[in-house]
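**Student:**
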Amino acid sequence: MSNKMHIKMNVNGKDEEFLAEPRELLIYTLRERLNITGPHIGCDTSHCGACTVTIDGKSVKACTMFVAQASGSSVTTIEGIGTPDSLHPLQEAFKEHHGLQCGYCTPGMITRATKLLEENPNPTEEDIRFGMAGNICRCTGYQNIVKSIQAAAVEMSSAKEAAE
Amino acid sequence: MSVHKSRPHDSGPLHVTGEARYTDDLATPVGTLHLAFGMAPVAHGVLKSLDLAPVRAMPGVRLVLGPDDFAQMPDVSPSPAPEPLLCTGTVQFHGQPLFIVAADTHLQARHAARAAGIEIDELPPILTIDDALAAKRFLEEPLEWEKGAPDAALTIAPHRVQGRIEVGGQEHFYLEGQAAMAVPGDGDEMVVHASTQHPSEIQHKVAHALHVPFAEVSVQVRRMGGGFGGKESQGNALAISCALVARKTGRAVKMRYDRDDDMMITGKRHEIRIDYDVGFDDQGRIAGVLFDHYVRCGWSADLSLPVADRAMLHADNAYNLPTARIRSTRLLTNTCSNTAFRGFGGPQGVVGIERVIDHIAAELNLDPLDVRRANFYAAGAVGQTTPYGMQIEDNVINELVQELSDTSDYTKRRAEIADYNARSPVLKRGLALTPVKFGISFTLTQLNQAGALVHIYTDGSIRLNHGGTEMGQGLFTKVASVAADVFGVDSAQVKITATDTTKVPNTSATAASSGSDLNGMAVQAACKTVRARMADYLCNATVLWHARDADGHDLLDRDGKPDRREHSFNCAPADLIFNGDMVSDGTNTIPFWAAAQACYAARISLSSTGYYATPKLEWDRLKRSGPRRPFFYFAYGAAVTEVAVDTLTGENRILRTDILHDCGRSLNPALDIGQIEGAYVQGAGWLTMEELVWTPAGRGNLGGALSTHAPSTYKIPGCSDRPKTFNVALFQNENVEDTIHKSKAVGEPPFMLGISALMALQDAVRAAGSDVMLDAPATPERLLNAIETANGAGW
Ligand code: FES
Ligand code: FES
Chain Z
4 MSNKMHIKMN
14 VNGKDEEFLA
24 EPRELLIYTL
34 RERLNITGPH
44 IGCDTSHCGA
54 CTVTIDGKSV
64 KACTMFVAQA
74 SGSSVTTIEG
84 IGTPDSLHPL
94 QEAFKEHHGL
104 QCGYCTPGMI
114 TRATKLLEEN
124 PNPTEEDIRF
134 GMAGNICRCT
144 GYQNIVKSIQ
154 AAAVEMSSAK
164 EAAE
Chain C
947 MSVHKSRPHD
957 SGPLHVTGEA
967 RYTDDLATPV
977 GTLHLAFGMA
987 PVAHGVLKSL
997 DLAPVRAMPG
1007 VRLVLGPDDF
1017 AQMPDVSPSP
1027 APEPLLCTGT
1037 VQFHGQPLFI
1047 VAADTHLQAR
1057 HAARAAGIEI
1067 DELPPILTID
1077 DALAAKRFLE
1087 EPLEWEKGAP
1097 DAALTIAPHR
1107 VQGRIEVGGQ
1117 EHFYLEGQAA
1127 MAVPGDGDEM
1137 VVHASTQHPS
1147 EIQHKVAHAL
1157 HVPFAEVSVQ
1167 VRRMGGGFGG
1177 KESQGNALAI
1187 SCALVARKTG
1197 RAVKMRYDRD
1207 DDMMITGKRH
1217 EIRIDYDVGF
1227 DDQGRIAGVL
1237 FDHYVRCGWS
1247 ADLSLPVADR
1257 AMLHADNAYN
1267 LPTARIRSTR
1277 LLTNTCSNTA
1287 FRGFGGPQGV
1297 VGIERVIDHI
1307 AAELNLDPLD
1317 VRRANFYAAG
1327 AVGQTTPYGM
1337 QIEDNVINEL
1347 VQELSDTSDY
1357 TKRRAEIADY
1367 NARSPVLKRG
1377 LALTPVKFGI
1387 SFTLTQLNQA
1397 GALVHIYTDG
1407 SIRLNHGGTE
1417 MGQGLFTKVA
1427 SVAADVFGVD
1437 SAQVKITATD
1447 TTKVPNTSAT
1457 AASSGSDLNG
1467 MAVQAACKTV
1477 RARMADYLCN
1487 ATVLWHARDA
1497 DGHDLLDRDG
1507 KPDRREHSFN
1517 CAPADLIFNG
1527 DMVSDGTNTI
1537 PFWAAAQACY
1547 AARISLSSTG
1557 YYATPKLEWD
1567 RLKRSGPRRP
1577 FFYFAYGAAV
1587 TEVAVDTLTG
1597 ENRILRTDIL
1607 HDCGRSLNPA
1617 LDIGQIEGAY
1627 VQGAGWLTME
1637 ELVWTPAGRG
1647 NLGGALSTHA
1657 PSTYKIPGCS
1667 DRPKTFNVAL
1677 FQNENVEDTI
1687 HKSKAVGEPP
1697 FMLGISALMA
1707 LQDAVRAAGS
1717 DVMLDAPATP
1727 ERLLNAIETA
1737 NGAGW
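In order, the protein sequence lines correspond to chains Z and C.
Take any residue in the first sequence, count from 1 to its spot, add 3: that is its number in our numbering.
Take any residue in the second sequence, count from 1 to its spot, add 946: that is its number in our numbering.
In structure tokens form, the structure reads like this:
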């Protein structure tokens, strides 16, 4: 069809170029076109956070952004945050502190939490409550999610101090 | 020992990197079709005509199946009463599937599903409990159980009160919606991947729909993104539709409900009305109680009968009711068909008696906790029986509540809160401690069985299959630790694989909290069979093996030949020790893999099935009274919740929650505590904020659409709703029954701890000077109304 648009974006460090209908939702671009299935679809309407990705440094819900809006941007999904051999401290913390049960919310949670800790490296419990308010978890009751983020924050700031 | 340890979830590394695959993440074969249902736009009416030509003309559409395309409408029901896949004449609820669209993409299918020409002669829908009572729409005759002579007890009791509580339903909101994919195989074969708690049922339903033997259909489930009971029967329609279209087109077919469709089509927790009439003495001790349960089942049977039964079975909770009569009326309405949800009716039953206790305390002006204590089943085995005739043999509620009230400073805080409330005109605090006693076993006795399959390979690695499904509860992690314990190896050496009906047949749903009880025992039985075979051989032969390096390559001796080793064990087979990845008689020790290698060389089978059936059960739901035993044992727990309510707005917060819960000898304390925290928050959500609203009849329509069909209008607890202070501990206990490593089931029982949040709100409302008894969910609106009613300004 002629109404396709030429889209260029960088996803997890890799340049991608393709033709797509401008109204294609970014979550479908990622999951179906690029086979990046870490960001999940939980609600389709920007309420659950399962699809959270980072676009040019901001947390974004990929289910409510058109691919055209993301054109020219750089997108990071959970797959770009760490690998099984070299986990990000948040990934390590969620794994070790039982910050997950069914795991469906986990990629979105961790992706959002990476931004939260960038915005605020030493968040209080209260900061985490509100900083993570856009991400829903139906399994854990959030207790271990908050603990995981706190543990990662401590780990990251001591690693930073050691480096300085 | 690999059990009783806090090992993290086995899929953790995959979850944190996004690699864990759910049904919708599976790579689809080329040409895969996607399905959507066309849904009924009204709640009740006669389907006059259905024009599907416009649907067929929509872009990307490959196949449309309507009611006329079936000689016999496939059945999706989990119960003996059939439930048609598609509406066949009378529309029964708003959102009922009318036809199936198969298209190239998910969105094309959904768009096309809106294009049908639908003509319906609308009828007034039966929506509420009152509607159904007026129309006499009963799913079955009311069921009644009785203990002693409650009418006489009520007449002579010093005090007597009557009341009613209405308790709303609950949407599961599993974060991963329903999903299924069918891939056609050779001949009549069909492989189904489904997000389901009940692979065997999907297998049976798909086979029926395709008119093939069960053996032609295999169902696989690696994991679900949450289930909570909502994937016990509600996935049948998707799996059957995928399989039907796959058979017709020869292509792979996938279906995932969009969240709105999911919330409109699938069943929910049963809404209930409980009327009560209770007689008691000056200390609040109950002499007799009558309960009348009115259960809103929705439009079809689904699992409503056993759900409503379980509500009756929990009408006593942890309290000794000397006399009681419990009646349950199961009502049909033109709404989605309510289904299993964590606790399976039990929570509704428990809310009823907890309300009764609060009402008694209010009447006598006592602390509700004192009334609770005065009514608990006595400590130890003392011959007290439940209203359904089961002896109480494992009661720990008295000690447990004592310990929790001590550790949570209940008495001191009670005084502090009274003091605070006296000084605070606008904000009022409330405190409540509620117990739970929850019966473990399926009430349909035949479901209490499980099978397992274990293979040992010659490198010592272990592959495990069982009938349970993983929905986040950590079942696989627990069961792997059971297997690792039998062979004395590290859990990491145990590979757990997707649940698969071709490996373990005729399984029960992973439900009723029974997953690790049943499957743990079956896996242990399978492992013990293989271990006994290995020990028999190893203790009666000279064991030959080749040493290997860490990579599994044979080590060579100086002559370049394999480094052969020889051992004889000097012990009876039963005394051979499997521990630390080694097999030993105390003197001679060989690696576990070497033992496996030697057994293989000696032609000893290293694979076995295992089977378990829960003992002691005896249950007849239609018997009115007399001794019976529906449950193997009970799990106990208690929670103290403190809340603050803004009396000007009804807005509220949970300030602190303390929980002490009985998991027997926990198989994995960290996973169990995670289950308790999650269950509490979900339970509190049910009773305080999660509100389902169906549109009433209005201008131009007769009503009956679920208006809270998305998270924008249906509020589940978020990160900021959880208790500010949250202390959770496990009660030191072990199961008196012979369960897997003396543990107890944990999935459902702690859900009912959330009831303490409702009762704490009730306490705060009383502190605000109102004696209105709250219905649930106690939303800010309801709280405000209760408070304003006391001021004469309620609505
Ligand atoms: S799927 Fe995007 S926020 Fe829920
Ligand atoms: S772990 Fe299941 S939704 Fe968060």
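For glycine and all other residues, C-beta sits at the position ideal for the given N, C-alpha and C.
From a predicted model like this one, the values you see are computed outputs, not experimental measurements.
Look up Asn1731 of chain C in the DSSP assignment and say whether it is helix, strand or coil.
**Tutor:** Numbered from its first residue, the second sequence carries residue 1731 of chain C at position 785. Asn1731 of chain C: helix per DSSP, three-state reduction.
**Student:** Tell me which same chain residues have a C-beta within less than 6 angstroms of the C-beta of Asp1223 of chain C, skipping the five on either side of it?
**Tutor:** By one-based count along the second sequence, residue 1223 of chain C stands at place 277. Within the same chain, Asp1223 of chain C has close Cβ partners Gln1108, Leu1236.
**Student:** If you follow the alpha helix (DSSP H) that Val1022 of chain C is in, where does it begin and where does it stop?
**Tutor:** The residue given as residue 1022 of chain C occupies position 76 in the second sequence. Run containing Val1022 of chain C: none; DSSP gives neither H nor E here.
**Student:** Quick one: does the C-beta of Thr1475 of chain C sit closer than 7 angstroms to a heavy atom of ligand 2?
**Tutor:** One-based indexing of the second sequence puts residue 1475 of chain C at position 529. Outside the cutoff, so no.
**Student:** Taking Cβ-Cβ distances below 9 angstroms as the criterion, which residues of the segment 130-154 of chain Z are in contact with chain C?
**Tutor:** Ile131, Arg132, Phe133, Gly134, Met135, Ala136, Gly137, Asn138, Ile139, Cys140, Arg141, Cys142, Thr143, Gly144, Tyr145, Gln146, Asn147, Ile148, Val149
**Student:** Around the C-beta of Gln1678 of chain C, are 16 or more other C-beta atoms found within 10 angstroms, so that it is buried, or is it exposed?
**Tutor:** Position 732 of the second sequence, counted from the first residue, corresponds to residue 1678 of chain C. Per the 10 Å Cβ criterion, exposed.
**Student:** Rounded to a whole number of angstroms, what is the C-alpha to C-alpha distance between Glu1112 of chain C and Ala1625 of chain C?
**Tutor:** Along the second sequence, read from residue 1 onward, the residue named residue 1112 of chain C stands at position 166. Along the second sequence, read from residue 1 onward, the residue named residue 1625 of chain C stands at position 679. Their backbone Cα atoms lie some 21 angstroms apart in a straight line.
**Student:** My output table needs one value for Thr969 of chain C: the three-state DSSP class, helix, strand or coil.
**Tutor:** Residue 969 of chain C sits at position 23 when you count from the first residue of the second sequence. For Thr969 of chain C, the three-state secondary structure derived from DSSP is helix.
**Student:** Return the chain-ordered list of same chain residues with a C-beta closer than 6 angstroms to the C-beta of Gly1740 of chain C, the five sequence neighbours on each side being excluded.
**Tutor:** In the second sequence, residue 1740 of chain C corresponds to position 794, counting from 1. Taken in chain order, the residues that qualify are Asn1731, Glu1734.
**Student:** Kindly provide the ranges of any beta strand (DSSP E) runs that are 3 or more residues long and lie completely inside the segment 1546-1579 of chain C, ordered along the chain.
**Tutor:** 1553-1559
**Student:** Report yes if the CB atom of Ala1468 of chain C is closer than 8 angstroms to the CB atom of Tyr1558 of chain C, and no otherwise.
**Tutor:** Within the second sequence, residue 1468 of chain C is the residue found at index 522, counting from 1. Within the second sequence, residue 1558 of chain C is the residue found at index 612, counting from 1. Closer than 8 angstroms, so yes.
**Student:** Does any heavy atom of ligand 1 sit closer than 7 angstroms to the C-beta of Asp47 of chain Z?
**Tutor:** Reading the first sequence from its first residue, position 44 is the one you call residue 47 of chain Z. Yes, since a heavy atom of ligand 1 falls inside the 7 angstroms radius drawn around the Cβ of Asp47 of chain Z.
**Student:** Is it the case that the Cβ atoms of Ala1059 of chain C and Ala1048 of chain C are separated by a distance below 8 angstroms?
**Tutor:** Position 113 of the second sequence, counted from the first residue, corresponds to residue 1059 of chain C. Position 102 of the second sequence, counted from the first residue, corresponds to residue 1048 of chain C. No, the Cβ-Cβ distance between Ala1059 of chain C and Ala1048 of chain C is not below 8 angstroms.
**Student:** Cβ closer than 8 angstroms: which chain Z residues qualify as neighbours of Pro1293 of chain C?
**Tutor:** The residue given as residue 1293 of chain C occupies position 347 in the second sequence. Correct list: empty, because the minimum Cβ distance to chain Z is about 16 angstroms.
**Student:** For the segment 1645-1656 of chain C, enumerate the residues whose C-beta is nearer than 8 angstroms to any C-beta of chain Z, in chain order.
**Tutor:** Answer in chain order: Ala1656.
**Student:** Return the residue from the list C:Thr969, C:Trp1091, C:Pro1043, C:Gln1018 that minimises the CA-CA distance to Leu1568 of chain C.
**Tutor:** For this step, residue 1568 of chain C is matched to residue 622 along the second sequence. Residue C:Trp1091 is the option with its Cα nearest to Leu1568 of chain C.
**Student:** Which chain C residues sit within Cβ distance under 9 angstroms of Asp59 of chain Z?
**Tutor:** Residue mapping note: residue 59 of chain Z aligns to position 56 of the first sequence, counting from 1. Here the premise fails: no neighbours, minimum Cβ distance about 20 angstroms.
**Student:** Who are the near neighbours of Ala982 of chain C in its chain, counting only those whose CB is closer than 6 angstroms to its CB and skipping five residues on each side?
**Tutor:** The residue you call residue 982 of chain C lines up with position 36 of the second sequence. Within the same chain, Ala982 of chain C has close Cβ partners Val1047, Ala1055, Arg1056, Ala1059.
**Student:** According to DSSP, simplified to helix, strand and coil, what is Asp997 of chain C?
**Tutor:** Looking up residue 997 of chain C in the second sequence gives position 51. The three-state secondary structure of Asp997 of chain C, taken from DSSP, is strand.
**Student:** Can Tyr1626 of chain C be considered in contact with ligand 2, in the sense that its beta carbon sits closer than 7 angstroms to one or more heavy atoms?
**Tutor:** For the purposes of this step, residue 1626 of chain C is identified with residue 680 of the second sequence, where counting begins at 1. No, Cβ of Tyr1626 of chain C sits at least 7 angstroms from all heavy atoms of ligand 2.
**Student:** Less than 6 angstroms between C-beta atoms, sequence neighbours within five positions excluded: which residues of the same chain meet that for Ser89 of chain Z?
**Tutor:** What you label residue 89 of chain Z is simply residue 86 of the first sequence in a count that begins at 1. Nothing listed; no residue qualifies.
**Student:** Which residues share a DSSP beta bridge with Tyr1222 of chain C?
**Tutor:** To locate residue 1222 of chain C, count along the second sequence from 1; it is residue 276. DSSP lists C:Gly1109, C:Phe1237 as partners of Tyr1222 of chain C.
**Student:** Per DSSP, what kind of secondary structure is Gly111 of chain Z in: helix, strand or coil?
**Tutor:** Within the first sequence, residue 111 of chain Z is the residue found at index 108, counting from 1. In this structure, Gly111 of chain Z counts as helix in the three-state DSSP scheme.
**Student:** Measure the alpha-carbon distance for Ile39 of chain Z versus Lys98 of chain Z and round it to whole angstroms.
**Tutor:** Translated into positions along the first sequence, residue 39 of chain Z becomes position 36. Translated into positions along the first sequence, residue 98 of chain Z becomes position 95. Looking at the two C-alpha atoms, the distance is approximately 21 angstroms.
**Student:** Expressed to the nearest angstrom, what Euclidean distance is found between the alpha-carbon atoms of Lys1366 of chain C and Arg1375 of chain C?
**Tutor:** Within the second sequence, the letter at position 420 stands for residue 1366 of chain C. Within the second sequence, the letter at position 429 stands for residue 1375 of chain C. According to the sequence as given, residue 1366 of chain C is Tyr; it is not Lys. Going from the Cα of Tyr1366 of chain C to the Cα of Arg1375 of chain C covers about 8 angstroms.
**Student:** Should Asn1311 of chain C go down as buried or exposed, given a rule of 16 or more other Cβ atoms within 10 Å for buried?
**Tutor:** As a working note, residue 1311 of chain C is residue 365 in the second sequence. When all chains shown are included, Asn1311 of chain C counts as exposed.
**Student:** Measuring only the C-alpha atoms, how far is His1492 of chain C from Met1528 of chain C?
**Tutor:** Within the second sequence, the letter at position 546 stands for residue 1492 of chain C. Within the second sequence, the letter at position 582 stands for residue 1528 of chain C. Straight-line Cα distance between these residues: approximately 15 angstroms.
**Student:** Glu1465 of chain C and Leu1393 of chain C look like a contact to me (Cβ under 8 angstroms); what is the Cβ gap, rounded to whole Å?
**Tutor:** Walking along the second sequence from the start, residue 1465 of chain C turns up at place 519. Walking along the second sequence from the start, residue 1393 of chain C turns up at place 447. As written in the sequence, residue 1465 of chain C is Asn, which differs from the Glu given in the question. Actually they do not touch by this definition, with Cβ atoms about 13 angstroms apart.
**Student:** Could you tell me which uninterrupted beta strand (DSSP E) segments, each at least 3 residues in length, are contained entirely in the segment 1271-1302 of chain C, listed from first to last along the chain?
**Tutor:** With a minimum length of 3 residues, no continuous beta strand (DSSP E) run stays inside the segment 1271-1302 of chain C.
**Student:** Just how far apart, CA to CA, sit Leu1330 of chain C and Asn1266 of chain C?
**Tutor:** On the second sequence, residue 1330 of chain C is found 384 positions in, with the first residue counted as 1. On the second sequence, residue 1266 of chain C is found 320 positions in, with the first residue counted as 1. Just to set this straight, residue 1330 of chain C is Gln in the shown sequence, not Leu. For Gln1330 of chain C and Asn1266 of chain C, the distance between alpha carbons rounds to 7 angstroms.
**Student:** Name the chain Z residues whose beta carbon is nearer than 7 angstroms to that of Met1201 of chain C?
**Tutor:** Within the second sequence, the letter at position 255 stands for residue 1201 of chain C. What Met1201 of chain C touches in chain Z: nothing, since even the nearest Cβ is about 14 angstroms away.
**Student:** I'd like to know whether the C-beta atoms of Thr55 of chain Z and Gly144 of chain Z end up nearer to each other than 8 angstroms.
**Tutor:** The sequence position of residue 55 of chain Z within the first sequence is 52, counting from 1. The sequence position of residue 144 of chain Z within the first sequence is 141, counting from 1. The Cβ-Cβ distance between Thr55 of chain Z and Gly144 of chain Z does not fall below 8 angstroms.
**Student:** Since Ser1658 of chain C meets chain Z, which of its residues come closer than 8 angstroms, beta carbon to beta carbon?
**Tutor:** If you number the second sequence from 1, residue 1658 of chain C lands on position 712. By Cβ distance, chain Z contributes Thr48, His50.
**Student:** Sort Z:Glu82, Z:Gly85, Z:Ile58 by Cα distance to Ser74 of chain Z and report the nearest one.
**Tutor:** Reading the first sequence from its first residue, position 71 is the one you call residue 74 of chain Z. Out of Z:Glu82, Z:Gly85, Z:Ile58, Z:Ile58 has the C-alpha closest to the C-alpha of Ser74 of chain Z.
**Student:** Would Ser1283 of chain C and Met1258 of chain C be called neighbours here (beta carbons separated by less than 8 angstroms)?
**Tutor:** Along the second sequence, one-based indexing puts residue 1283 of chain C at 337. Along the second sequence, one-based indexing puts residue 1258 of chain C at 312. Taking 8 angstroms as the Cβ cut-off, Ser1283 of chain C and Met1258 of chain C do not qualify as a contacting pair.
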